[in-house]
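Peer 1: Dropping the structure in here first, questions after.
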Amino acid sequence: MHPMKIFPYFYKASETFDEDDITITTLVTPNRFEVLRKLAARYEGPLSVTVHIPLPPMSPGKSSSPTLHNSLLALHALVANSPGLAKRADIHLVISPFPRAFNAWRNIARLLARTTYMLLLDVDFAVCTDWRASVRALLRDGEGSSSVARRVREGSAALVLPAFEYVKQAEGRNQDAFPRDKHALLDLVRANRVAPFHASFSAGHNSTDYRRFYAAKPGVIYKVTQYHPSYEPYVVVRRDAGGWCDERFTGYGGNKAACLFDMYLSGVSFYVLSDHFLVHQSHVYEEEARRSERKHNRRIQSDFKEEACLRYLKGFSDQGILNTTRARNAQEECKKIKGIGKIVMQVTDCRPKHLRESLSYGSFWMAQRMRKERVQQRSVDEECRHACYK
Numbered sequence: 038m039h040p041m042k043i044f045p046y047f048y049k050a051s052e053t054f055d056e057d058d059i060t061i062t063t064l065v066t067p068n069r070f071e072v073l074r075k076l077a078a079r080y081e082g083p084l085s086v087t088v089h090i091p092l093p094p095m096s097p098g099k100s101s102s103p104t105l106h107n108s109l110l111a112l113h114a115l116v117a118n119s120p121g122l123a124k125r126a127d128i129h130l131v132i133s134p135f136p137r138a139f140n141a142w143r144n145i146a147r148l149l150a151r152t153t154y155m156l157l158l159d160v161d162f163a164v165c166t167d168w169r170a171s172v173r174a175l176l177r178d179g180e181g182s183s184s185v186a187r188r189v190r191e192g193s194a195a196l197v198l199p200a201f202e203y204v205k206q207a208e209g210r211n212q213d214a215f216p217r218d219k220h221a222l223l224d225l226v227r228a229n230r231v232a233p234f235h236a237s238f239s240a241g242h243n244s245t246d247y248r249r250f251y252a253a254k255p256g257v258i259y260k261v262t263q264y265h266p267s268y269e270p271y272v273v274v275r276r277d278a279g280g281w282c283d284e285r286f287t288g289y290g291g292n293k294a295a296c297l298f299d300m301y302l303s304g305v306s307f308y309v310l311s312d313h314f315l316v317h318q319s320h321v322y323e324e325e326a327r328r329s330e331r332k333h334n335r336r337i338q339s340d341f342k343e344e345a346c347l348r349y350l351k352g353f354s355d356q357g358i359l360n361t362t363r364a365r366n367a368q369e370e371c372k373k374i375k376g377i378g379k380i381v382m383q384v385t386d387c388r389p390k391h392l393r394e395s396l397s398y399g400s401f402w403m404a405q406r407m408r409k410e411r412v413q414q415r416s417v418d419e420e421c422r423h424a425c426y427k
């Protein structure tokens, strides 16, 4: 990974918010500034935004970049002319030559958020309902589902906002025309104009169980029971809950799912808000970059999952909570991973000798994987840089 220059609170929100409010944490690049403006205009709560400005290679004899200068001017104009951003957004500037270090940027926005709770969100999703008021009331009063509220307050549960998109991209460009309540959304679903987000990649959001969402009565909050390791919902969760984004994932492909996988293994379960939803604002994707970067991320996917499993299993063992509900997600999910299943069966056997032997083997095995990864990383970085700048 190339070095990044980080300027926290490059712009700081002029308003103050209660500590128990919910901050939208997101990231944006200069070509998406207008979408950020719309998000800040619609969302009345705090935002923590990582703004990345690419730093292209300098020409010989030049000490500054006109691209950087122009992008900073555009950012200043954006904040100056967007009351919502000036009032409610903390903007953290990141300057680096690599254009899509998404997980690093997500971690920055999360780390620098100033409230107890956050919504992990991509900037191109529109806020359609007043989920903020509903969630704050739930967390404050425990209305309707007190056990869920307690778990969210404790950091062992996250609330899912189901994601949708327009079937025809042209219809999804104007978020002012998006549905504002579930009744209007369901009308569009029945008319085959709106569908679950990225339906072509069902593993990404199908764990939300859209059929149950459609049928749910007002106020219902239901648990995600069919978790998939590629599940990547948009969730409200404590900022200090377990699970951060692995920064080895750069570019498109599996980056957000890695954040949620780590969170799930840490002991966080997912619960769906059946009255609320998000809708994607259509835009053109960089298909060539997506193909190249997905290939890069697939190379590290299995290593990441294996290492995350061993890290959490050992951590739970050290804390003496390996056979409690807190470790259940890690136990169940890690059993499915080749090479880890046997270790899981042994460490959950509760026999000290097996426990020591299994975790010792697991730590040795992880070290071997990390050494192999370091050997491979140079060639991967070179390939990725070539794909970005060719």
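Number 259 in this note's numbering belongs to position 222 of the sequence shown; there are no gaps in the numbering.
Backbone N, C-alpha and C define an ideal beta-carbon position, used for all residues, glycine too.
Give every residue of the same chain whose Cβ lies closer than 7 angstroms to the Cβ of Leu225, excluding the five residues on either side of it in the sequence, and list them in chain order.
Peer 2: Excluding positions up to five away in sequence, the list reads Pro216 and Val231.
Peer 1: How would you write the range of the beta strand (DSSP E) that Ile374 sits in, first residue to last?
Peer 2: Where Ile374 is concerned, there is no enclosing beta strand (DSSP E), given that its DSSP letter is neither H nor E.
Peer 1: Can you tell me where the alpha helix (DSSP H) holding Ala170 begins and where it ends?
Peer 2: Trp168 to Asp178 is the span of the alpha helix (DSSP H), which, as asked, contains Ala170.
Peer 1: Which same chain residues, not among the five before or five after Lys260, have their C-beta less than 6 angstroms away from its C-beta?
Peer 2: Excluding residues within five positions, the ones whose Cβ falls inside 6 angstroms are Tyr308.
Peer 1: Helix, strand or coil: which one does DSSP assign to Glu202?
Peer 2: In the structure shown, Glu202 sits in a strand (DSSP, three-state: E or B).
Peer 1: Does the separation of the CB atoms of Ile204 and Leu196 fall below 8 angstroms?
Peer 2: According to the sequence as given, residue 204 is Val; it is not Ile. No.
Peer 1: Considering only C-alpha positions, which residue in the set Arg285, Glu269, Leu64 and Glu208 is nearest to Glu240?
Peer 2: Checking the sequence, you will find Ala at residue 240 rather than Glu. Answer by Cα proximity: Glu269.
Peer 1: Tell me whether Pro97 sits in a helix, a strand or coil according to DSSP, three-state version.
Peer 2: Here the model assigns Pro97 a pLDDT of 48, short of 50, so the residue's position is not dependable, and the following value carries that caveat. Of the three classes helix, strand and coil, the one that applies to Pro97 here is coil, per DSSP.
Peer 1: Residues in the same chain with beta-carbon distance under 7 angstroms from Gln153, minus the five sequence neighbours each way, listed in chain order, please.
Peer 2: Here residue 153 turns out to be Thr, not Gln, going by the sequence shown. Contacts found: Glu56, Asp57, Arg275 and Arg276.
Peer 1: To the nearest angstrom, how far is the alpha carbon of Pro136 from that of His89?
Peer 2: Rounded to whole angstroms, Pro136 to His89 spans 8 angstroms at the Cα level.
Peer 1: Should Lys342 be labelled buried (16 or more other beta-carbon atoms within 10 Å of its own) or exposed?
Peer 2: So Lys342 ends up on the buried side.
Peer 1: Just to confirm before moving on: does the CB-CB distance between Cys296 and Asn68 stay below 8 angstroms?
Peer 2: Not in contact: Cys296 and Asn68 (Cβ atoms no closer than 8 angstroms).
Peer 1: In angstroms with no decimal places, state the Cα-to-Cα distance between Arg352 and Leu110.
Peer 2: Here residue 352 is Gly; the residue named in the question, Arg, does not match the sequence. Each residue's alpha carbon lies about 46 angstroms from the other.
Peer 1: At which residue ranges does the segment 208-285 contain complete alpha helix (DSSP H) runs of 4 or more residues, listed in the order of the chain?
Peer 2: Those alpha helix (DSSP H) runs which fall completely within the segment 208-285 and span 4+ residues are 219-227 and 247-252.
Peer 1: How is Met155 classed by DSSP in three states: helix, strand or coil?
Peer 2: If DSSP states are grouped into helix, strand and coil, Met155 belongs with the strands.
Peer 1: Would you kindly report the start and end of the unbroken alpha helix (DSSP H) that includes Lys42?
Peer 2: Segment Lys42 to Tyr48 is the beta strand (DSSP E) holding Lys42; no alpha helix (DSSP H) there.
Peer 1: Is Leu315 near Val160, with beta carbons less than 8 angstroms apart?
Peer 2: It is not a contact, given that the beta carbons lie outside the stated cut-off.
Peer 1: Are Pro199 and Thr245 close, meaning C-beta to C-beta below 8 angstroms?
Peer 2: Yes. Within cutoff.
Peer 1: Per DSSP, Asp312 is paired with what?
Peer 2: Per DSSP, none; premise fails for Asp312.
Peer 1: Pull up the DSSP beta-bridge partners for Val305, would you.
Peer 2: BP columns for Val305 are empty, so no partner.
Peer 1: So the candidates are Thr66, Ile61, Pro91 and Leu92; which of them puts its Cα closest to the Cα of Ala77?
Peer 2: Among Thr66, Ile61, Pro91 and Leu92, the Cα nearest to that of Ala77 is on Ile61.
Peer 1: Suppose contacts are defined by Cβ-Cβ distances below 8 angstroms. Is Gln318 in contact with Val72 by that definition?
Peer 2: Closer than 8 angstroms, so yes.
Peer 1: Answer yes or no: do Val185 and Ile128 have a C-beta to C-beta separation smaller than 8 angstroms?
Peer 2: No.
Peer 1: Excluding the 5 residues flanking Ala123 on each side, which residues of the same chain have their C-beta closer than 7 angstroms to its C-beta?
Peer 2: Same-chain partners within the cutoff: Ser51 and Val116.
Peer 1: Could you check if His320 is buried or exposed, using at least 16 other CB atoms within 10 Å of its CB as the buried criterion?
Peer 2: That one is exposed.
Peer 1: CA-CA distance, Ser108 and Arg125?
Peer 2: Cα to Cα, Ser108 sits roughly 21 angstroms from Arg125.
Peer 1: Determine, using beta-carbon pairs with one atom in the segment 347-362 and one in the segment 246-254, whether at least three such pairs fall under 8 angstroms.
Peer 2: Touching, no, given that fewer than three Cβ pairs across the two stretches are closer than 8 angstroms.
Peer 1: Between Gln338, Ser133, Tyr80 and Ala114, which has its C-alpha nearest Phe70's C-alpha?
Peer 2: Cα-wise, what sits closest to Phe70 is Ala114.
Peer 1: Rounded to whole angstroms, what is the Cα-Cα separation between Trp281 and Asn211?
Peer 2: If I take the Cα positions, the gap works out to 32 angstroms.
Peer 1: As a quick exercise: from Thr53, Lys49, Phe162 and Ala174, pick the residue whose alpha carbon is nearest that of Arg79.
Peer 2: Answer by Cα proximity: Phe162.
Peer 1: Beta carbon of Ser133, beta carbon of Pro40: below 8 angstroms?
Peer 2: Yes, these two residues count as a Cβ contact at 8 angstroms.
Peer 1: Just checking my contact of Val257 with Ser311 at CB under 8 angstroms: how many whole Å lie between their CB atoms?
Peer 2: That pair is a contact at about 4 angstroms.
Peer 1: How many Å lie between Pro103 and Tyr48 at the Cα?
Peer 2: Approximately 21 angstroms, taken between the alpha carbons.
Peer 1: How far does the alpha helix (DSSP H) with Pro103 in it reach, from first residue to last?
Peer 2: From DSSP, the alpha helix (DSSP H) with Pro103 extends over Pro103 to Ala117.
Peer 1: From Tyr398 to Asp340, what distance separates their C-alpha atoms?
Peer 2: With a pLDDT of only 48 at Tyr398, under the threshold of 50, the placement of this residue in the model should not be trusted; the figure read from the coordinates follows. Near 16 angstroms, if we compare the C-alpha coordinates of Asp340 and Tyr398.
Peer 1: Indicate whether Phe201 and Leu223 have their beta-carbon atoms separated by less than 8 angstroms.
Peer 2: Taking 8 angstroms as the Cβ cut-off, Phe201 and Leu223 do not qualify as a contacting pair.
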